[in-house]
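Trainee: Structure incoming, see below.
Number of protein chains: 2
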Amino acid sequence: MIKIALIGSGNVAQHLISAFNESTETQIVQVFSRSPFTFDNISVVHDLNELAEADLYIIAVSDDAISDISEQLPFQNRLVVHTSGSVPIEVLSSKNRKGVFYPLQTFTKNKKVDFKSIPICLESESKSDMDLLQKVAGSISDQTFEISSEQRKSLHVSAVFVNNFVNHLYKIGNDICSENEVPFDILKPLIRETADKILTLSPNEAQTGPAKRNDSQTIQRHLDFLSDDNQKNIYKLLTQSIQNGKDL
Amino acid sequence: MIKIALIGSGNVAQHLISAFNESTETQIVQVFSRSPFTFDNISVVHDLNELAEADLYIIAVSDDAISDISEQLPFQNRLVVHTSGSVPIEVLSSKNRKGVFYPLQTFTKNKKVDFKSIPICLESESKSDMDLLQKVAGSISDQTFEISSEQRKSLHVSAVFVNNFVNHLYKIGNDICSENEVPFDILKPLIRETADKILTLSPNEAQTGPAKRNDSQTIQRHLDFLSDDNQKNIYKLLTQSIQNGKDL
Chain X
9 MIKIALIGSG
19 NVAQHLISAF
29 NESTETQIVQ
39 VFSRSPFTFD
49 NISVVHDLNE
59 LAEADLYIIA
69 VSDDAISDIS
79 EQLPFQNRLV
89 VHTSGSVPIE
99 VLSSKNRKGV
109 FYPLQTFTKN
119 KKVDFKSIPI
129 CLESESKSDM
139 DLLQKVAGSI
149 SDQTFEISSE
159 QRKSLHVSAV
169 FVNNFVNHLY
179 KIGNDICSEN
189 EVPFDILKPL
199 IRETADKILT
209 LSPNEAQTGP
219 AKRNDSQTIQ
229 RHLDFLSDDN
239 QKNIYKLLTQ
249 SIQNGKDL
Chain P
9 MIKIALIGSG
19 NVAQHLISAF
29 NESTETQIVQ
39 VFSRSPFTFD
49 NISVVHDLNE
59 LAEADLYIIA
69 VSDDAISDIS
79 EQLPFQNRLV
89 VHTSGSVPIE
99 VLSSKNRKGV
109 FYPLQTFTKN
119 KKVDFKSIPI
129 CLESESKSDM
139 DLLQKVAGSI
149 SDQTFEISSE
159 QRKSLHVSAV
169 FVNNFVNHLY
179 KIGNDICSEN
189 EVPFDILKPL
199 IRETADKILT
209 LSPNEAQTGP
219 AKRNDSQTIQ
229 RHLDFLSDDN
239 QKNIYKLLTQ
249 SIQNGKDL
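Respectively, the protein sequence lines represent chains X and P.
For the first sequence, our numbering assigns the number 9 to the initial residue and increments by one for each residue that follows.
For the second sequence, our numbering assigns the number 9 to the initial residue and increments by one for each residue that follows.
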């Protein structure tokens, strides 16, 4: 049994606790939480000095707090990882062995996810630490990847485009529907199919629409239709970007 | 049996033929195609003057050709509809009864879709024609909606945002991954979950990320990371738009 101590009790921490709880190869020996927190039979401490011994310490707190927390750990030479997509491995204190354990997914409170299909991006400073991280990640997910801090940065930026920005385009679609008293539900099968297409086609092959077809009449009609300047600007910029046909 | 003649043999036409072919309430009596085309046991003509009598004529051709084709039809007072999201009902010739039969989905050649879950937006000039369109649409889909030309226009613009533009953001994510030698596959579960979230949460509730959190440090790191001006501009504009929190 690999012993894990989890530092943090937020969204990502809770999803990790649930996942590890179902694994037969790992055991959460303790959770550190600043705020009151309970989870089934897991021991919770509120003082870092009370942390039990473990094979792996996973810091799952907000990006800004990672460095401080890692400095405050009252031990040395143990394996300490963070779970952030956007923070380099170096922010961790050098008194312990550093690593990264980044599950690339959007976690919603109270919505259970199937961890098996969530890619986990791993980084470490030694082969033996990587072996341990592979074992731990492999106990909850079928997809584990060794990814450098630089590569992870690019993944995180990409994730902003395909998740945060995509969701914002959903919002704009929703806004346009509301203004025109059309149920947004009509668009949901399209949203689903747009995402599904990418599983089998490259985004380039999957691209359709007036910008791709250079259908300037339809583009102009759409621009005339949009009364909001922000929506207009986004429409123009993304249309141009599709027409230029390259973002490299 | 409701008799349907299909005018056109492109992507949308083919998907409609397949769907109607499986329905027990409708029958495709004929397909008109300019180019050589065969489909199982369906009669195909290449001259509009040879079109058989039908209860409904569905024009599934490119937007620009709808008006011409409807003018060239060699009969009067029959029900003629087009399948376009962006063309008003008025472009159809007035010598026949007009209507719209717009399946709101992205159709990929050779990829079968489950028509049952595709919303079909209907428009007509009379209640009796609407009744017929509802019957026809209901024979292949569980989701039929009566939608005016003005509402349809707003739906079509929304669809550009949630389909064409979303797919383009996938492409940018793919480009960033390629440049950094990270497999784009790592992002696919996230893409899937981002779309799935919208089925249960509003886009507003589902929004996460540095822009939403006003995490200016991460935003600056991402902008520094992006070397392509086009990607930078899109990142800035969409971040601003999320931060303004309103697109209405």
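Yeah, the Cβ is synthetic: ideal placement off N, Cα and C, and Gly gets one too.
If you're wondering where the values come from, they're calculated on a predicted model, not measured in any experiment.
(1) For the alpha helix (DSSP H) that contains P:A167, what are its first and last residues?
(2) Could you name each continuous beta strand (DSSP E) segment of 3 residues or more that falls completely within the segment 25-90 of chain P, going from the start of the chain to the end?
(3) Can you grab the Cα-Cα spacing for the pair P:V168 / X:K11, in whole Å?
(4) When Cβ atoms are compared, which residues of the segment 180-199 of chain P fall closer than 9 Å to chain X?
(5) Tell me, please, whether the CB atom of X:K143 is closer than 8 Å to any CB atom in chain P?
(6) In whole angstroms, what separates the C-alpha of X:G18 from that of X:Y110?
(7) With H, G and I counted as helix, E and B as strand and the rest as coil, what does DSSP make of P:V99?
(8) Could you run through the segment 123-137 of chain P and flag, in chain order, every residue whose CB is less than 9 Å away from some CB of chain X?
(9) May I ask you to report which of helix, strand or coil DSSP gives X:L209?
(10) Report yes if the CB atom of P:I194 is closer than 8 Å to the CB atom of X:L112, and no otherwise.
(11) So, at 8 Å on beta carbons, what are the nonlocal neighbours of P:L256 in its own chain, with the 5 sequence-adjacent residues on each side left out?
(12) Measuring CA to CA, which of P:P127, P:G253, P:V144 is closest to P:T34?
(13) Which residues in the same chain as X:K220 place their Cβ atom closer than 7 Å to its Cβ, once the five residues preceding and following it in sequence are excluded?
(14) Report the neighbours of P:V69 on chain X: residues whose CB is nearer than 9 Å to its CB, in chain order.
(15) Which residue marks the beginning of the beta strand (DSSP E) containing P:F153, and which one marks its end?
(16) Going by CA-CA distance only, name the one from X:L14, X:S31, X:T226, X:V88 that's closest to X:T46.
(17) Specify the secondary structure class of P:G146 as computed by DSSP and reduced to three states.
(18) Buried or exposed: which applies to X:T202, given that a residue is buried once 16 or more other Cβ atoms fall within 10 Å of its Cβ?
(19) Ends of the alpha helix (DSSP H) at P:S249?
(20) Since X:N118 meets chain P, which of its residues come closer than 9 Å, beta carbon to beta carbon?
(21) Could you tell me which chain X residues have their CB closer than 9 Å to the CB of P:I242, listed as they occur along the chain?
(22) Measuring only the C-alpha atoms, how far is X:S147 from P:S92?
(23) Taking P:N171 as the reference, which of X:T32, X:E158, X:I199 has the closest Cα?
Mentor: In terms of the structure at hand:
(1) Position 159 of the second sequence holds residue 167 of chain P. Run containing P:A167: 157-167, per the alpha helix (DSSP H) assignment.
(2) For the segment 25-90 of chain P, whole beta strand (DSSP E) runs of length 3 or above, ordered along the chain, are 34-40, 64-67, 87-90.
(3) Stepping through the second sequence from its first residue, residue 168 of chain P is reached at position 160. Stepping through the first sequence from its first residue, residue 11 of chain X is reached at position 3. Roughly 49 Å between the two C-alpha positions.
(4) When CB distances to chain X are screened at a threshold of 9 Å, the residues of the segment 180-199 of chain P falling below it are I180, G181, N182, D183, I184, C185, S186, E187, N188, E189, V190, P191, F192, D193, I194, L195, K196, P197, L198, I199, in chain order.
(5) As a working mapping, residue 143 of chain X is identified with position 135 in the first sequence. Nearest CB-CB separation between X:K143 and chain P: not below the 8 Å threshold.
(6) For the purposes of this step, residue 18 of chain X is identified with residue 10 of the first sequence, where counting begins at 1. For the purposes of this step, residue 110 of chain X is identified with residue 102 of the first sequence, where counting begins at 1. Straight-line spacing of the CA atoms in X:G18 and X:Y110 works out to 15 Å.
(7) Sequence index remark: in the second sequence, residue 99 of chain P carries index 91 (1-based). Residue state, collapsed to three classes: helix.
(8) Shown in chain order are the members of the segment 123-137 of chain P whose Cβ falls below 9 Å from a Cβ of chain X: S125, I126, P127, C129.
(9) The sequence position of residue 209 of chain X within the first sequence is 201, counting from 1. Reduced to three states, the DSSP call for X:L209 is coil.
(10) As a position in the second sequence, residue 194 of chain P is number 186, starting the count at 1. As a position in the first sequence, residue 112 of chain X is number 104, starting the count at 1. In contact: P:I194 and X:L112 (Cβ atoms closer than 8 Å).
(11) As a position in the second sequence, residue 256 of chain P is number 248, starting the count at 1. Low confidence applies here, because P:L256 scores a pLDDT of 36, under 50, leaving its location unreliable and the question unanswered by this model.
(12) As a first step, residue 34 of chain P must be located in the second sequence, where it is residue number 26. Closest by alpha carbon: P:V144.
(13) Position 212 of the first sequence holds residue 220 of chain X. In the same chain as X:K220, and ignoring 5 residues on each side of it, the C-beta atoms closer than 7 Å to its own belong to I250, in chain order.
(14) Numbered from its first residue, the second sequence carries residue 69 of chain P at position 61. Chain X residues near P:V69: none, gap ~14 Å exceeds 9 Å.
(15) Within the second sequence, numbered from 1, the residue matching residue 153 of chain P stands at position 145. Judged by DSSP secondary structure, P:F153 falls within the beta strand (DSSP E) whose first and last residues are 152-154.
(16) For the purposes of this step, residue 46 of chain X is taken as residue 38 along the first sequence, with counting starting at 1. When only C-alpha atoms are compared, the closest one is X:L14.
(17) The residue labelled residue 146 of chain P in the question sits at position 138 within the second sequence. Looking at P:G146 - three-state DSSP - the assignment turns out to be helix.
(18) Against the first sequence, residue 202 of chain X aligns to sequence position 194. So X:T202 counts as buried.
(19) Indexing the second sequence from 1 puts residue 249 of chain P at position 241. 237-252 is the span of the alpha helix (DSSP H), which, as asked, contains P:S249.
(20) Within the first sequence, the letter at position 110 stands for residue 118 of chain X. Listed along chain P is no residue with a C-beta nearer than 9 Å to that of X:N118; the closest approach is about 11 Å.
(21) Against the second sequence, residue 242 of chain P aligns to sequence position 234. The contacting residues are F169, F173, I242, L245, L246, S249, D255.
(22) The count along the first sequence starts at 1 and reaches residue 147 of chain X at position 139. The count along the second sequence starts at 1 and reaches residue 92 of chain P at position 84. Counting only the Cα atoms, P:S92 lies some 50 Å from X:S147.
(23) Indexing the second sequence from 1 puts residue 171 of chain P at position 163. The shortest Cα separation from P:N171 among X:T32, X:E158, X:I199 belongs to X:I199.
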